[in-house]
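Colleague: In terms of the working numbering, the sequence shown opens at residue -13 and continues consecutively.
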Amino acid sequence: MNIDLSGKIALVTGGSRGIGRETSLLLSRAGATVIINYRRSKEKAEELLEEITNSGCKADIFQADVSVPEEVDKLFGHIKKKHNRLDILVN
-13 MNIDLSGKIA LVTGGSRGIG RETSLLLSRA GATVIINYRR SKEKAEELLE
37 EITNSGCKAD IFQADVSVPE EVDKLFGHIK KKHNRLDILV N
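#1: Could you round the C-beta distance between Asn23 and Gly4 to whole angstroms and report it? I think they count as a contact, below 8 Å.
#2: Assign Val(-2) to one of two classes, buried (16 or more other C-beta atoms within 10 Å of its C-beta) or exposed (fewer than that).
#3: Three Cβ pairs or more, each shorter than 8 Å: is that satisfied between the stretch 39 to 47 and the stretch 11 to 25?
#4: Is Gly63 buried or exposed, if buried means 16 or more other CB atoms sit within 10 Å of its CB?
#5: Give the DSSP-derived three-state secondary structure of Asn40 in the structure shown.
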């Protein structure tokens, strides 16, 4: 299946490892700008960010524990400020 997500903004919570990592890669390859949310795996998130951007795709990372409402507010504040919207949420 070939899906074109060019111009879309996608947030993947837990996006730096495991299934989240693969989802982040898939979305970026489909053309979406991927915001990789991580809680503790900063190094893994930075490695994935580099992998995605080195392949010519767009990505961003943001640390937040999505079980804490105040951190979710900061995450969405960052998204609004930097990307102005969110089209896709993978949680």
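C-beta atoms are modelled at their ideal positions from N, C-alpha and C, and glycine is treated no differently.
Modeller: Concretely, from the data shown:
#1: Contact doesn't hold; Cβ gap of about 13 Å is too wide.
#2: buried
#3: yes
#4: exposed
#5: helix
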